[in-house]
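Everything below concerns the one structure shown next.
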Amino acid sequence: MDDAPQTIDLAHLDDAMFGRLYKERIEPCFAANEEHRVDAVKQFKQRALIGGGVVLLVAVGAFMFMNEIGGPLALSFIAAVFAGIVAYQPLAKVAKKLKQEYCTAIAQSMGATFQIGAFDPPALARLKQLRLLPGYQRSSFEDLFSGQHKGAGYELYEGHLEQRSTDSKGRTRYTTVFRGQLIRMRFSREFLGVTIVRRDAGVFNVFGGGDVDGKKLERVRLVASQFERAFEVWSNDQVEARYLLHPVMMERLIALEAGLHGKRIRCAFEGGDLLVAVEGGNLFEPGDMFKPLVDPARARRIVDEIASVVKTMDQVLTAQTLRPAS
């Protein structure tokens, strides 16, 4: 008899499925790291106590030397930040190890793989060419999930893009222009045209959809007015765009944005790919490391974030079955 855990379809996740996933794959990761977390909390408290003493000495010494309040306060703040970072390092180490383990377990549960870093970001150049991402000079990427769902492939990862600027004194600074999730969904049936969906850009809509590889994009009028107020859609195939972006699909895009705790979702249907960019926070993290790890609510948040992507793929597959054959 094969007792190996079953693969779970996150597109149809219910409480029973989650309970099985948590018990079989995630809770063992939490339990195995709980002792390490407790030890790391003790180290944090010890380091914080020592760091607090150092900060106090810096403050007193700076005040005696400078004989004013502004400089000592600034130095004390810098010392406190540095002390806090040093104190948290044991917890950060446990959190990274824990994240690698539970994300790998969740990925395996749906027949996928997980890579925490050191990977080539999928479809990044095309995301930029389609104007789903802004220009940037510095970038970093993490948390790559790769897998298959009903014959369609997908990659989900996080990106942080920064733009460089130089002030009048020649000092260089970097400003974040995008932080969030990037997704490529790969379907066996190619789309007939190019369709780009953006959150309504207000006055910037007068610039139109432009063109993609010489193909002019025209504005698509959506069936449901509430979605037309929220999104701007551009395509060189009006018929296909309406099959793809019916109300259920638009609701799914909004749900994906919410599921990833993001904003300003934009996407493009092109070739066999659906490319998505969502501005948001740092997802898939373990959460508060000062609390016990063994908690289903901690895991449910992470699983729901990943499930929102698979549910969107399901809706695209449904839309493709309704599209007339080319």
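Each number in the numbering used here corresponds to the 1-based position in the sequence shown with 666 added.
Think of the CB as a built atom: it goes at the ideal place given N, C-alpha and C, for glycine as much as any other residue.
*Can you grab the Cα-Cα spacing for the pair Gly868 / Met916, in whole Å?*
Counted from its first residue, the sequence shown places residue 868 at position 202. Counted from its first residue, the sequence shown places residue 916 at position 250. Low local confidence applies: a pLDDT of 49 at Gly868 is under 50, so the model's placement there is unreliable, with the coordinate-based value given in what follows. Note on geometry: alpha-carbon atoms of Gly868 and Met916 lie some 19 Å from one another.
*Is the beta carbon of Pro807 sitting closer than 8 Å to the one on Glu824?*
Position 141 of the sequence shown, counting from 1, holds the residue named residue 807. Position 158 of the sequence shown, counting from 1, holds the residue named residue 824. Note that residue 807 is Phe in the sequence shown here, rather than Pro. In contact: Phe807 and Glu824 (Cβ atoms closer than 8 Å).
*Examine the Cβ distances between the stretch 852-863 and the stretch 931-943 and report whether three or more of them are shorter than 8 Å.*
Under the Cβ criterion (8 Å, minimum of three pairs), the stretch 852-863 counts as touching the stretch 931-943.
_Leu940, DSSP secondary structure in three states_ = Here residue 940 refers to the residue found at position 274 of the sequence shown. It is a strand residue.
*For Phe956, is the beta carbon positioned less than 7 Å from some heavy atom of the ligand NAP?*
For the structure depicted, the ligand NAP is absent and the ligand set is empty, with no information on it obtainable.
*DSSP state of Ile782, grouped into three classes?*
By one-based count along the sequence shown, residue 782 stands at place 116. For Ile782, the secondary structure class from DSSP, reduced to helix, strand or coil, is coil.
*Measure the CB-CB distance between Met776 and Leu676 and report whether it falls below 8 Å.*
On the sequence shown, residue 776 is found 110 positions in, with the first residue counted as 1. On the sequence shown, residue 676 is found 10 positions in, with the first residue counted as 1. When the beta-carbon positions are compared, Met776 and Leu676 come within less than 8 Å of each other.
*asked:* Between which residues of its own chain and Val752 is the CB-CB distance below 7 Å, once the five residues before and five after are set aside?
replied: By one-based count along the sequence shown, residue 752 stands at place 86. Beyond the five residues adjoining it in sequence on each side, Val752 comes within less than 7 Å, by CB distance, of Arg713, Gly717 in the same chain, given in chain order.
*asked:* Suppose you measure from the CA of Phe870 to the CA of Phe696; what does that come to, to the nearest Å?
replied: Locating residue 870 in the sequence shown gives position 204, counting from the first residue. Locating residue 696 in the sequence shown gives position 30, counting from the first residue. With a pLDDT of 45 at Phe870, under the threshold of 50, the predicted position of this residue should be treated as unreliable, though the coordinate-derived value follows. Spanning the two alpha carbons is a distance of roughly 48 Å.
*asked:* Leu793 and Leu827 - do their beta-carbons sit closer together than 8 Å?
replied: Reading the sequence shown from its first residue, position 161 is the one you call residue 827. Reading the sequence shown from its first residue, position 127 is the one you call residue 793. It is not a contact, given that the beta carbons lie outside the stated cut-off.
*Should Ala698 go down as buried or exposed, given a rule of 16 or more other Cβ atoms within 10 Å for buried?*
For the purposes of this step, residue 698 is identified with residue 32 of the sequence shown, where counting begins at 1. Per the 10 Å Cβ criterion, exposed.
*alpha helix (DSSP H) runs contained entirely in the stretch 900-931, provided each spans 4 or more residues*: If we require 4 residues or more, the alpha helix (DSSP H) runs fully inside the stretch 900-931 come out as 904-910, 913-925.
_Could you give the first and the last residue of the continuous alpha helix (DSSP H) run that contains Ala791?_
Looking up residue 791 in the sequence shown gives position 125. For Ala791, the enclosing alpha helix (DSSP H) covers residues 790-795.
*Go ahead and pull the three-state DSSP assignment for Glu828.*
Locating residue 828 in the sequence shown gives position 162, where the first residue counts as 1. In the structure shown, Glu828 falls within a strand segment according to DSSP collapsed to helix, strand and coil.
_For Leu723, count the other beta carbons within 10 Å of its own beta carbon; 16 or more makes it buried, fewer makes it exposed. Which is it?_
By one-based count along the sequence shown, residue 723 stands at place 57. Of the residues assessed, Leu723 falls on the exposed side of the cut-off, its CB having fewer than 16 other CB atoms within 10 angstroms.
*Would DSSP call Lys711 helix, strand or coil?*
Translated into positions along the sequence shown, residue 711 becomes position 45. Helix, per DSSP.
*Cα separation between Arg887 and Ser854?*
Along the sequence shown, one-based indexing puts residue 887 at 221. Along the sequence shown, one-based indexing puts residue 854 at 188. Spanning the two alpha carbons is a distance of roughly 27 Å.
*Answer yes if the stretch 948-956 comes into contact with the stretch 798-806, meaning at least three C-beta pairs across the two stretches below 8 Å, and no otherwise.*
Taking one beta carbon from each stretch, the stretch 798-806 and the stretch 948-956 have fewer than 3 pairs nearer than 8 Å; the two do not touch.
*To the nearest angstrom, report how far apart Gln781 and Thr770 are at their CA atoms.*
Working through the sequence shown from its first residue, we reach residue 781 at position 115. Working through the sequence shown from its first residue, we reach residue 770 at position 104. Whole-angstrom Cα-Cα distance: 8 Å.
*So, helix, strand or coil for Ser805, using DSSP?*
To locate residue 805, count along the sequence shown from 1; it is residue 139. Looking at Ser805 - three-state DSSP - the assignment turns out to be strand.
*What are the boundary residues of the beta strand (DSSP E) that includes Leu848?*
Stepping through the sequence shown from its first residue, residue 848 is reached at position 182. For Leu848, the enclosing beta strand (DSSP E) has its first and last residue at 838-852.
*CA-to-CA distance, Ala965 to Val975, given in whole angstroms*: Residue numbering aside, residue 975 sits at position 309 when the sequence shown is read from its first letter. Residue numbering aside, residue 965 sits at position 299 when the sequence shown is read from its first letter. Straight-line Cα distance between these residues: approximately 17 Å.
*By the 10 Å Cβ neighbour count, where 16 or more other Cβ atoms means buried, how is Ala670 classified, buried or exposed?*
For the purposes of this step, residue 670 is identified with residue 4 of the sequence shown, where counting begins at 1. In this predicted model, Ala670 has a pLDDT of only 46, less than 50, meaning its place in the structure is not dependable; the value taken from the coordinates is given anyway. Flag for Ala670 reads exposed.
*asked:* Going by C-alpha to C-alpha distance, which of Phe811, Glu856, Glu906 sits closest to Ile972?
replied: What you label residue 972 is simply residue 306 of the sequence shown in a count that begins at 1. Nearest of Phe811, Glu856, Glu906 to Ile972, Cα basis: Phe811.
_C-beta contact flag for Glu693 and Val960 at 8 Å_ = Numbered from 1 along the sequence shown, position 27 holds the residue referred to as residue 693. Numbered from 1 along the sequence shown, position 294 holds the residue referred to as residue 960. In this structure, Val960 lies closer than 8 Å to Glu693 by Cβ.
*CB Phe707 to CB Leu764, shorter than 8 Å?*
Stepping through the sequence shown from its first residue, residue 707 is reached at position 41. Stepping through the sequence shown from its first residue, residue 764 is reached at position 98. For the sequence presented, residue 707 should be read as Val rather than Phe. The beta carbons of Val707 and Leu764 sit no closer together than 8 Å.
*asked:* With a threshold of 7 Å on Cβ separation, who are the neighbours of Thr673 within its own chain once the five nearest residues in sequence on each side are excluded?
replied: Translated into positions along the sequence shown, residue 673 becomes position 7. For Thr673, the CB contacts under 7 Å within the same chain, skipping 5 residues up- and downstream, are Ser775, Met776, Gly777 in chain order.
_Cβ neighbours of Ala613 in the same chain (closer than 6 Å, five flanking residues each side left out)_ = Outside the displayed span of the chain (667 to 992) sits residue 613, for which this structure offers no information.
*Name the DSSP bridge partner or partners of Cys933?*
Numbered from its first residue, the sequence shown carries residue 933 at position 267. Its beta-bridge partners are Val863, Val942.
*Determine the DSSP secondary structure at Leu959, reduced to helix, strand or coil.*
Counted from its first residue, the sequence shown places residue 959 at position 293. Here Leu959 sits in coil by DSSP.
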